[in-house]
Structures are given as C-alpha cells and as structure tokens.
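Chemist:
Protein chains: 4
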Amino acid sequence: MGGARDSGRRERRRAAILRAAVDVFAKRGYTAARMREVAQSAGVADGTLYLYFAGKEALLIAILEEHAEGFLARAKRDANRVADPRKKLAAVVSRHLASLERDRALAHVFQIELRHSRRFLRQVARGQVAKYLHLIERIVRDGAASGAFRGDIPPEVTARAVFGAIDELVTGWVLATRPRPLAEQAGPLLALLMEGLEARLGAQR
Amino acid sequence: MGGARDSGRRERRRAAILRAAVDVFAKRGYTAARMREVAQSAGVADGTLYLYFAGKEALLIAILEEHAEGFLARAKRDANRVADPRKKLAAVVSRHLASLERDRALAHVFQIELRHSRRFLRQVARGQVAKYLHLIERIVRDGAASGAFRGDIPPEVTARAVFGAIDELVTGWVLATRPRPLAEQAGPLLALLMEGLEARLGAQR
Amino acid sequence: MGGARDSGRRERRRAAILRAAVDVFAKRGYTAARMREVAQSAGVADGTLYLYFAGKEALLIAILEEHAEGFLARAKRDANRVADPRKKLAAVVSRHLASLERDRALAHVFQIELRHSRRFLRQVARGQVAKYLHLIERIVRDGAASGAFRGDIPPEVTARAVFGAIDELVTGWVLATRPRPLAEQAGPLLALLMEGLEARLGAQR
Amino acid sequence: MGGARDSGRRERRRAAILRAAVDVFAKRGYTAARMREVAQSAGVADGTLYLYFAGKEALLIAILEEHAEGFLARAKRDANRVADPRKKLAAVVSRHLASLERDRALAHVFQIELRHSRRFLRQVARGQVAKYLHLIERIVRDGAASGAFRGDIPPEVTARAVFGAIDELVTGWVLATRPRPLAEQAGPLLALLMEGLEARLGAQR
DNA sequence: TATGAATGAGGTTTCATTCAT
DNA sequence: GATGAATGAAACCTCATTCAT
Numbered sequence: 000m001g002g003a004r005d006s007g008r009r010e011r012r013r014a015a016i017l018r019a020a021v022d023v024f025a026k027r028g029y030t031a032a033r034m035r036e037v038a039q040s041a042g043v044a045d046g047t048l049y050l051y052f053a054g055k056e057a058l059l060i061a062i063l064e065e066h067a068e069g070f071l072a073r074a075k076r077d078a079n080r081v082a083d084p085r086k087k088l089a090a091v092v093s094r095h096l097a098s099l100e101r102d103r104a105l106a107h108v109f110q111i112e113l114r115h116s117r118r119f120l121r122q123v124a125r126g127q128v129a130k131y132l133h134l135i136e137r138i139v140r141d142g143a144a145s146g147a148f149r150g151d152i153p154p155e156v157t158a159r160a161v162f163g164a165i166d167e168l169v170t171g172w173v174l175a176t177r178p179r180p181l182a183e184q185a186g187p188l189l190a191l192l193m194e195g196l197e198a199r200l201g202a203q204r
Numbered sequence: 000m001g002g003a004r005d006s007g008r009r010e011r012r013r014a015a016i017l018r019a020a021v022d023v024f025a026k027r028g029y030t031a032a033r034m035r036e037v038a039q040s041a042g043v044a045d046g047t048l049y050l051y052f053a054g055k056e057a058l059l060i061a062i063l064e065e066h067a068e069g070f071l072a073r074a075k076r077d078a079n080r081v082a083d084p085r086k087k088l089a090a091v092v093s094r095h096l097a098s099l100e101r102d103r104a105l106a107h108v109f110q111i112e113l114r115h116s117r118r119f120l121r122q123v124a125r126g127q128v129a130k131y132l133h134l135i136e137r138i139v140r141d142g143a144a145s146g147a148f149r150g151d152i153p154p155e156v157t158a159r160a161v162f163g164a165i166d167e168l169v170t171g172w173v174l175a176t177r178p179r180p181l182a183e184q185a186g187p188l189l190a191l192l193m194e195g196l197e198a199r200l201g202a203q204r
Numbered sequence: 000m001g002g003a004r005d006s007g008r009r010e011r012r013r014a015a016i017l018r019a020a021v022d023v024f025a026k027r028g029y030t031a032a033r034m035r036e037v038a039q040s041a042g043v044a045d046g047t048l049y050l051y052f053a054g055k056e057a058l059l060i061a062i063l064e065e066h067a068e069g070f071l072a073r074a075k076r077d078a079n080r081v082a083d084p085r086k087k088l089a090a091v092v093s094r095h096l097a098s099l100e101r102d103r104a105l106a107h108v109f110q111i112e113l114r115h116s117r118r119f120l121r122q123v124a125r126g127q128v129a130k131y132l133h134l135i136e137r138i139v140r141d142g143a144a145s146g147a148f149r150g151d152i153p154p155e156v157t158a159r160a161v162f163g164a165i166d167e168l169v170t171g172w173v174l175a176t177r178p179r180p181l182a183e184q185a186g187p188l189l190a191l192l193m194e195g196l197e198a199r200l201g202a203q204r
Numbered sequence: 000m001g002g003a004r005d006s007g008r009r010e011r012r013r014a015a016i017l018r019a020a021v022d023v024f025a026k027r028g029y030t031a032a033r034m035r036e037v038a039q040s041a042g043v044a045d046g047t048l049y050l051y052f053a054g055k056e057a058l059l060i061a062i063l064e065e066h067a068e069g070f071l072a073r074a075k076r077d078a079n080r081v082a083d084p085r086k087k088l089a090a091v092v093s094r095h096l097a098s099l100e101r102d103r104a105l106a107h108v109f110q111i112e113l114r115h116s117r118r119f120l121r122q123v124a125r126g127q128v129a130k131y132l133h134l135i136e137r138i139v140r141d142g143a144a145s146g147a148f149r150g151d152i153p154p155e156v157t158a159r160a161v162f163g164a165i166d167e168l169v170t171g172w173v174l175a176t177r178p179r180p181l182a183e184q185a186g187p188l189l190a191l192l193m194e195g196l197e198a199r200l201g202a203q204r
C-alpha cells in the first residue's frame, strides 16, 4: 500500500516536472530555459529534478518519448479502425494535426526545441520519427499492393514527403502570430497528396 | 587601385570567414562551435571576426542571407525559363535539391543550425523562407489560373506542403549516414505532388 | 536552530568575502583585482561570490556602505557625548583618523579605490560623504548659533574644508612609504582649523 | 624652415590630441574612454596617437604635467608679486580655484581621473602635488619665521590641510549638478584658514 | 609621417549539476 | 526522498597596441 501510494506520488511529481519543462521550454526556448525555472514551475527544489531526470537534455528526450509514444499508438489505432488505405492515411494526418493543435506549448517544443542539434536530431530521427515514417510507409506500401495507390514512387520518398508536408504546416502554425486552425488544413493537404496538383480532364473540381 | 585591391582583399577575407563558419557550425553545431575555431579555420585572429561580423549570431544570419538570396535568384531564373507551370515547379524543386546537395556542410547549417531557436526561426521564416513560399505560391496560383493546376486547394497550403516535402527530404539526406543522392528524389517527389498518390483507372503506372 | 546557525554561517561567509575584497582591492587596485583572487582569498568558489554580491562593483559598494555606516554612527555618538561644539568637532576628527588608521587596507580602498569613476563618485558623494558633510555642517551651524564659532563663513564651505583637510591627511598617510601616525596629526589640524593660521598679538604660542 | 614648420605642425597636432584626451576622459571617464574616440576627436588616425604619446596612460600623465607645470609657475609668480605671507597664500588659493574653474573638463580630469589607481597616484603625489605642497609649505614656513603665522603647527600638516580643503571644494564643484562659482569660495576659505573657526572676543564678525 | 586593419590577451559571469544535511 | 547552497568550468567579445603599406 505504502509502495503504491509512494509510486502514485512519484508519478504525479514526474508528470508535474515534465509539464513544467514543456511550458518553460516553449516560453524561453531550450537554451535559454533555466533548470531553476523548471523546478519552480513544478514546485520542487532544484536538486529534485535530478532525482527524476538525468539532466536538462534528458528532460527534452523524456518530453519527446512521453508524448510521441502515445501519439504513435493513437495514430496506429486510428489507422487500424479502417480498411481503405486512403482512409488510413487520412486518419493519421488528422490525428497528427489534432494532437499538436491541442497543446500549443507542446507543439512548440516538438517543432522547434526538439531540433536544436544534430546529435539530438539523430536520436529523434532514429527513434520516434523513424517509427512514424515506418507507419506511413507501411500504409503506402499496403495501398500500392492492394492497387489503391500508385506503385511507381518509392514508399520512403512518399513517407518523407507526407511527413514533411504535415510538419511544415504545423511549424507555420506554431510560428504564426495569428494561426489559422490546423484541423482545417487536413482536408486540402490530403486532397493534394491523394489526387495530385494537376487538373484532370473530365473530372474538374 | 589600392581601394579596389583592398576591397578585393576584404571581400576574400569575408568569404573565408563565412566558409569557416559554415564548416565549424556544421561540424560542431552552432552552440558548441567556438569563435576561436572559426577564426583559426579562416586563418585570422579572433578579433578579426568582429571586424567583419557583429558576433556569433550575425555569422549565422550572414550565412543564411548570403546563400538564400543567391539560391532564390537562381530558382526564380530557372522558373522563368519555362512557361508550363508544371515545368516551373519542377525547376524550382530540382534547383532546391541540387543547391543543397552541392554543399553538404551548408545544407547541414540550413536544415539544422538555422532553426535552433524560435526567435531565430521567426527571423528566418519572416525573411527568406517567406520569400521562397511566395515564389511557389505564385507558380501554383498562376498554374491554377491557366487551368494546369487544380483550383480547389488554397495555394498557401500547397506552397507549405511542397516546401515541407522538399525540406524533409533534405533533412533526411543531411542526417543519413549513407544518404542516397538527392537529385534522384526530385522525380518521384514531383510525380507524387503533380499526379497524386491514388492509382488512376486505365492509366496505371 | 538550523536557521539561526545557517544565518550565522551566511553572515560569516559574507564577512569573509568582504574582507577578502578589501584586501585584494587594496593590494591590486580595483581594476586590476580579479574576482578569482577575491574568491580564493575568501576560501570560496568563484560562483559563490555571486550568491552574496551582485558583481564586482557591488562588492565595492558593499565595502563602502558596510563601513561608512558604522563609522558615521560612531562619529555621531562621539559628538553627542560632549556639549561644546569645539569638542564635538574634535571628536569627529579624531574618530575619522582613528577609524581609518586601524585598518590600512580599508583606508586604501576608501581613499583611492572608491573614487575610481565619476559615476561611482556621484553615488559615493550623494550617499555617504553627503551624510558626513551634513554632520560637520550641523556642528558648525550649532556652534555659530551658540556663539562658539564664527558666523560669517558659510557652513557648507567650512564642512567641505574640514572634510577635505582630514581626507588629504589620510590620503597622504595611505600613499606614504613611511607614514607618520595619523592620530598625531589630529591635534595640529584642529588647532589650525579652530584658531586659524595667523599669529595673535598677546597670545603667542 | 621646413623643420620649423614641421615642428609647428607637430606641436599643434600634439596639442589637439591632448585636448581631445581631456574632453574624452572627462566625458567618459578614463577607463571607459576609448583611444579611438580620442583619435577621432583629435582628427587623426588611431595609430597616430602612438607617434605622439606612448599609450593611454601616457596621455593622462601628459595632461597632468602639461597643465600642472603652467599652473605651478603661475601660482609661484602670483605669490612672488606680494610680500605679505597672508597675501601670498591668498594668491595661491585664488589662482588654484581660478585655474580649474576656467576649464571644467580639465578640472574633472584633475579631480577624478588622475586618481584612478594607487600606482598612478604615487606618480602624481610624488610629482606635481608634492611640488605644490612644497610651495604652500614654504609660504607657511616663511610666514612663521616672519611672525605673521603661528609657529606651533607643523608646516607639512598645514600645507596638506590647505591643499585638502581647496581640493575638496573643487571636487564638490566638479561633481555638483548646479555648482556655485568657485571664485566666490576663495574668500570664506581663506578667512577660515587664516583666522580660524572660533569666535574672537571683542572682534566679532 | 600617417594610416587603420589586424592582432590576441584577458576576465566576469552564468548556470547545470552535485552533495552534505 | 528532498533540499538548495555551493561549485567551477567555460567562452564571447573588447580594445589597447602594432606594423605593413
């Protein structure tokens, strides 16, 4: 019982620190952020941070892993709910935009602070983004096999292009002074990706 | 004559410092880069850096402006050489990939170091990237007007998607241990963007 | 109890840093003094200095305030112990000389380092010296009112002259290689100030 | 002829640099003053300063010597014009105040910038101030011998007290926001020094 | 003689992290 | 486990001075 209660307390404190880190990193930027401010925002002493995380960069990595895993799981679940590859892709894109639109500070950290160095990016790319790219790649590959998607474009290129396009929309939204809702942009983006930019004869829109 | 020679000397020295900065920033990352190493790499004294650039960040900004302007000018020129909007877009994409593939250290700085803070990103986004997005947007808009492109997708979304897709390909290339040539990826990316991901009945590829 | 002990510890450490600063400033001069040397002399780490004082100049200001206040309080107390304005003035002069003679390094800092810039002097002059001048002025004014002192000299001039004369004796003592004791000079100075330089008929000395 | 003309040119340039140094030192303070600003103010190139003076501190010393010598010569001449020791002292005091009141920037440098370090002060004290103290001391000593002045106060103490009193008046004038004319203060100061602060029976003022 | 571009030594301060309590 | 006072490494930039022209 004591163990369980302690564990709950520990878990809550860990979450508070992580939330504080997101807010402070978003507000100040990773480099300018001070561990002291994170501690104060979380309501703990400076030294306590180090009982939960190995250091400043570990905090950044933890933010990434904490949310990326949940996000990836939700995206996979959403994709699995439908059979049509087109709908799978649409589900992933919508989930991506919705997940980040819900929490602007977190989106800021994801789009900007998590990319502050090559070494860090490598860890990110090898870790979470790679998993995400694989998910898209799998959908595209399956779609090509079933005849729903074209088969003449390397799925890795498609996956990167899809991810890059979404990613840029989000970054624009994060940096904008008066951003337009992300959710609105899912439809047009999907239309572009699915059907292409060229006008079709006999199927004008 | 002395003035001309001095001016040439100054110009050469400025270029040497800028080149050194690209190399050191790419090798160490902006934060870990030491001004001393830049100076040594450029073959000048520490203090000389400050006769040419206001400081470390000014060096980063100068790298951006120096190359972004030239790149943008070349992209515009390429686009203007052809009339077909499809070919214009193809020209810009190819130029983008080719420009960065030519100089990997510079590409590294563009893809990673130039994005190390929100404040900096804002300057970048508002400055050079915005110009680039406008270029793409203009092509897309004109293409829609002439009937070559669809008219139902907001051109800003298209522009961001195109830029994001290219950008991500480049970033993947910069971070990869064994990158595949960027030039090879222009074709598939364009095919995807132009014609879309969905398979066409009666026109299988 | 822990709080009281900590507070004592903090107070002792603060005093040690201040003492170290006096010694190093006197030995090297303010500009040439190194914060590192102050830290080493105080037996703390470099960064610890900044937990107690805002910076190098704050150290100088703290030396001034710390000692000037005590000195002024003692001078006032001494003056209040006697009723005769002549004795009041004598008490202040003696206290001034005695206070600085007790601690040569401190005297050095007071006479030289505390005057290293106009900006700083203004703070000094407006702050502590002004208070000191007021004390003398008050004594002189009261003495004139009671008929003990002349009434035809502006008290501000008298106060500045008295302060300047003492100050110069101390500076001479600080700069001298083989200084003669300051205490010995109080009597002659007072005789001069009180009775004047001119010989008196029928009252030869 | 060429030599004479060159020499005149050199002399004028030297004077311009010295004047520029006085102005810049007074405006910024010695430490904050930049050699570049002195050069610009004098209308010469940075390097030219070093063809006339050994360095920044040499500039300060040159200001001192240049003006102190002239001032001392004038003070001596003034003193020699009268026979009465009282009038000699009055002449020196008046000259002192008048000399500095004429040029506020120079007065600033004399009162503040010339005292910025012990090493420097030693040079000053050993050099010019010592000569000045000797002048006063000689007058006081002669006055005592002739019976005009008291003989019971060590002349060195008197000299320092006189110098200190004048010096403090000037410093107050330099630092004041709205200074009252120095010349007005010569009379009261002399009255104090000559006749003393105590009220005289039967000779009230 | 005059120039001014180049030099390069030098130091205060910040802040992530540690560890005695 | 929690605290927070203490640590100390680390680097950008300034500016007096030099010297090739």
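Protein chains in written order, with numbering that gives the first Met the number 0: chain A, 0 to 204; chain B, 0 to 204; chain C, 0 to 204; chain D, 0 to 204. All residues carry an ideal CB built from backbone N, CA and C; glycine is no exception. Because the structure is a prediction, the values reported are computed rather than measured.
Spatial neighbours of Tyr131(A) within its chain, please: C-beta separation below 7 Å, excluding the five flanking residues on both sides.
Modeler: Indexing the first sequence from 1 puts residue 131(A) at position 132. If we look at Tyr131(A) and ignore the five residues flanking it on each side, its Cβ neighbours are Leu71 and Phe162.
Chemist: Could you tell me if Arg8(A) is buried or exposed, where buried requires 16 or more neighbouring beta carbons within 10 angstroms of its beta carbon?
Modeler: By 1-based counting over the first sequence, the position of residue 8(A) is 9. By the neighbour-count rule (16 or more Cβ atoms within 10 Å), Arg8(A) is not buried but exposed.
Chemist: Starting from Met208(D), find everything on chain C with Cβ-Cβ shorter than 9 Å and list it in chain order.
Modeler: Missing from the structure shown is residue 208(D); chain D here goes from 0 to 204 and no further.
Chemist: Here's a check: name, in chain order, each residue in its chain whose Cβ is nearer than 8 Å to the Cβ of Ala147(C), leaving out the five neighbours to either side.
Modeler: Here residue 147(C) corresponds to residue number 148 of the third sequence, with the count starting at 1. Cβ neighbours of Ala147(C) beyond the five flanking positions: Asp83, Pro84 and Arg85.
Chemist: With a Cβ-Cβ cutoff of 7 Å, do Ala90(C) and Ala78(C) count as a contact?
Modeler: Walking along the third sequence from the start, residue 90(C) turns up at place 91. Walking along the third sequence from the start, residue 78(C) turns up at place 79. Closer than 7 Å, so yes.
Chemist: CB Leu211(B) to CB Leu196(A), shorter than 7 Å?
Modeler: With chain B covering only 0 through 204, there is no way to say anything about residue 211(B).
Chemist: Quick one: measure Cβ to Cβ for Leu105(D) and His66(D), integer angstroms, because I've assumed they're closer than 8 Å.
Modeler: Residue numbering aside, residue 105(D) sits at position 106 when the fourth sequence is read from its first letter. Residue numbering aside, residue 66(D) sits at position 67 when the fourth sequence is read from its first letter. Going by Cβ atoms, the distance from Leu105(D) to His66(D) rounds to 6 Å, so yes, they are a contact pair.
Chemist: Sort out for me which residues DSSP pairs Glu197(A) with in a bridge.
Modeler: By one-based count along the first sequence, residue 197(A) stands at place 198. DSSP, once it has assigned bridges, lists Phe148(B) as partnering Glu197(A).
Chemist: Quick check: Pro226(B) and Val139(A), are their CB atoms within less than 7 Å of each other?
Modeler: With chain B running from 0 to 204 in the structure shown, residue 226(B) is simply not present.
Chemist: Find the nearest neighbour of Asp151(D) within the set Ser145(C), Glu194(C) and Gly126(C), judged by alpha-carbon distance.
Modeler: Along the fourth sequence, one-based indexing puts residue 151(D) at 152. The shortest Cα separation from Asp151(D) among Ser145(C), Glu194(C) and Gly126(C) belongs to Glu194(C).
Chemist: Anything in chain A within Cβ reach of Asp83(B), meaning under 8 Å, just list it in chain order.
Modeler: Start at 1 with the first residue of the second sequence, and residue 83(B) comes out as number 84. By Cβ distance, chain A contributes nothing, its closest Cβ being about 11 Å from Asp83(B), past 8 Å.
Chemist: At least one CB of chain D closer than 7 Å to the CB of Arg103(C): is that the case?
Modeler: Taking the third sequence and counting its residues from 1, the one referred to as residue 103(C) is at position 104. Not closer than 7 Å to any Cβ of chain D, the Cβ of Arg103(C) fails to qualify, so no.
Chemist: Who are the neighbours of Pro187(D) on chain C, taking C-beta pairs under 9 Å?
Modeler: As a first step, residue 187(D) must be located in the fourth sequence, where it is residue number 188. Per Cβ cutoff of 9 Å: Asp151, Ile152, Pro153, Val156, Thr157 and Ala160.
Chemist: Taking Ser116(B) as the query, report the chain A residues whose CB atoms sit under 9 Å from its CB, ordered along the chain.
Modeler: Taking the first residue of the second sequence as 1, we reach residue 116(B) at position 117. Residues of chain A passing the Cβ test: Gly28, Tyr29, Thr30, Ala31, Ile111, Glu112 and His115.
Chemist: Could one say the Cβ of Ala124(A) lies closer than 7 Å to chain B's Cβ atoms, at least one of them?
Modeler: Numbered from its first residue, the first sequence carries residue 124(A) at position 125. Output row for Ala124(A): interface = yes.
Chemist: Going by C-alpha to C-alpha distance, which of Val128(A), Val108(A) and Ala74(A) sits closest to Thr30(A)?
Modeler: On the first sequence, position 31 is the one that residue 30(A) refers to. Cα-wise, what sits closest to Thr30(A) is Val108(A).
Chemist: Taking DSSP as the reference, what is the three-state secondary structure of Gly46(D)?
Modeler: Working through the fourth sequence from its first residue, we reach residue 46(D) at position 47. Helix.
Chemist: Nearest to Tyr51(A) by alpha carbon, out of Gly28(A), Ala14(A) and Ala143(A)?
Modeler: By 1-based counting over the first sequence, the position of residue 51(A) is 52. With distances taken between Cα atoms, Tyr51(A) lies closest to Ala14(A).
Chemist: Ignoring anything shorter than 4 residues, give me the alpha helix (DSSP H) runs that lie fully in the region 92–164 of chain A, in order along the chain.
Modeler: Entirely contained in the region 92–164 of chain A, the alpha helix (DSSP H) runs reaching 4 residues are, in chain order, 103–110, 117–123 and 129–144.
Chemist: Report the residue from Gly69(D), Asp45(D), Leu99(D) and Ala20(D) whose alpha carbon sits nearest the alpha carbon of Ala57(D).
Modeler: Here residue 57(D) corresponds to residue number 58 of the fourth sequence, with the count starting at 1. Ranking the options by Cα distance to Ala57(D), first place goes to Ala20(D).
Chemist: Does the beta-carbon of Val173(B) have 16 or more other beta-carbons within 10 angstroms, so that it is buried, or is it exposed?
Modeler: By one-based count along the second sequence, residue 173(B) stands at place 174. So Val173(B) counts as buried.
Chemist: How is Asp22(B) classed by DSSP in three states: helix, strand or coil?
Modeler: Taking the first residue of the second sequence as 1, we reach residue 22(B) at position 23. Here Asp22(B) sits in helix by DSSP.
Chemist: Which chain C residues sit within Cβ distance under 7 Å of Gln39(D)?
Modeler: The residue you call residue 39(D) lines up with position 40 of the fourth sequence. Correct list: empty, because the minimum Cβ distance to chain C is about 21 Å.
Chemist: Can you round the beta-carbon distance between Glu167(B) and Arg117(A) to whole angstroms, since I take them to be within the 8 Å contact cut?
Modeler: Counting from one through the second sequence, the residue named residue 167(B) turns up at place 168. Counting from one through the first sequence, the residue named residue 117(A) turns up at place 118. Wrong, their Cβ atoms sit about 16 Å apart, outside the cutoff.
Chemist: Closer than 6 Å by C-beta to Arg114(B): which residues in its own chain qualify, once you throw out the five before and the five after it? Chain order, please.
Modeler: Taking the second sequence and counting its residues from 1, one reaches residue 114(B) at position 115. Here the set comprises Leu120.
Chemist: Give me the Cα-Cα distance between Val43(C) and Ala53(C), rounded to the nearest whole angstrom.
Modeler: Within the third sequence, the letter at position 44 stands for residue 43(C). Within the third sequence, the letter at position 54 stands for residue 53(C). C-alpha separation (whole angstroms): 16 Å.
Chemist: Tell me where the alpha helix (DSSP H) around Leu71(B) begins and ends.
Modeler: Position 72 of the second sequence holds residue 71(B). Per DSSP, Leu71(B) belongs to the alpha helix (DSSP H) from Lys55 to Asn79.
Chemist: Just confirm the distance between the C-beta atoms of Leu17(B) and Ile62(B), as a whole number of angstroms; I'd bet it's less than 8 Å.
Modeler: Position 18 of the second sequence holds residue 17(B). Position 63 of the second sequence holds residue 62(B). Indeed, because the Cβ distance is near 6 Å, the residues count as touching under 8 Å.
Chemist: Chain B beta carbons: is any one of them nearer than 7 Å to that of Gly7(A)?
Modeler: Against the first sequence, residue 7(A) aligns to sequence position 8. No, because no Cβ of chain B sits closer than 7 Å to the Cβ of Gly7(A).
Chemist: Within 10 angstroms of the Cβ of Met0(A), are there 16 or more other Cβ atoms? Answer buried if so, exposed if not.
Modeler: Within the first sequence, residue 0(A) is the residue found at index 1, counting from 1. Its pLDDT being 46, under 50, Met0(A) is placed unreliably by the model, and the measurement read from it follows with that caveat. So Met0(A) ends up on the exposed side.
Chemist: Should Gln127(D) be flagged as near chain C, meaning a C-beta pair shorter than 7 Å?
Modeler: Position 128 of the fourth sequence, counting from 1, holds the residue named residue 127(D). It does not; no Cβ of chain C falls within 7 Å.
Chemist: Determine the extent of the alpha helix (DSSP H) in which Arg35(A) is found, giving its start and end residues.
Modeler: As a working mapping, residue 35(A) is identified with position 36 in the first sequence. Counting along the chain, the alpha helix (DSSP H) containing Arg35(A) begins and ends at Met34 to Ala41.
Chemist: With a 10 Å radius around its C-beta and 16 neighbouring C-beta atoms as the bar for buried, classify Ser145(C) as buried or exposed.
Modeler: Taking the first residue of the third sequence as position 1, residue 145(C) is located at position 146. Flag for Ser145(C) reads exposed.
Chemist: Using 7 Å as the threshold, is the C-beta distance between Leu181(B) and Glu112(B) below it?
Modeler: The count along the second sequence starts at 1 and reaches residue 181(B) at position 182. The count along the second sequence starts at 1 and reaches residue 112(B) at position 113. Contact flag unset, no.
Chemist: Is there a Cβ of chain C sitting closer than 7 Å to that of Glu136(D), yes or no?
Modeler: Translated into the one-based positions of the fourth sequence, residue 136(D) becomes position 137. No, because no Cβ of chain C sits closer than 7 Å to the Cβ of Glu136(D).
Chemist: For Leu88(A), does the three-state DSSP call read helix, strand or coil?
Modeler: Start at 1 with the first residue of the first sequence, and residue 88(A) comes out as number 89. In the structure shown, Leu88(A) sits in a helix (DSSP, three-state: H, G or I).
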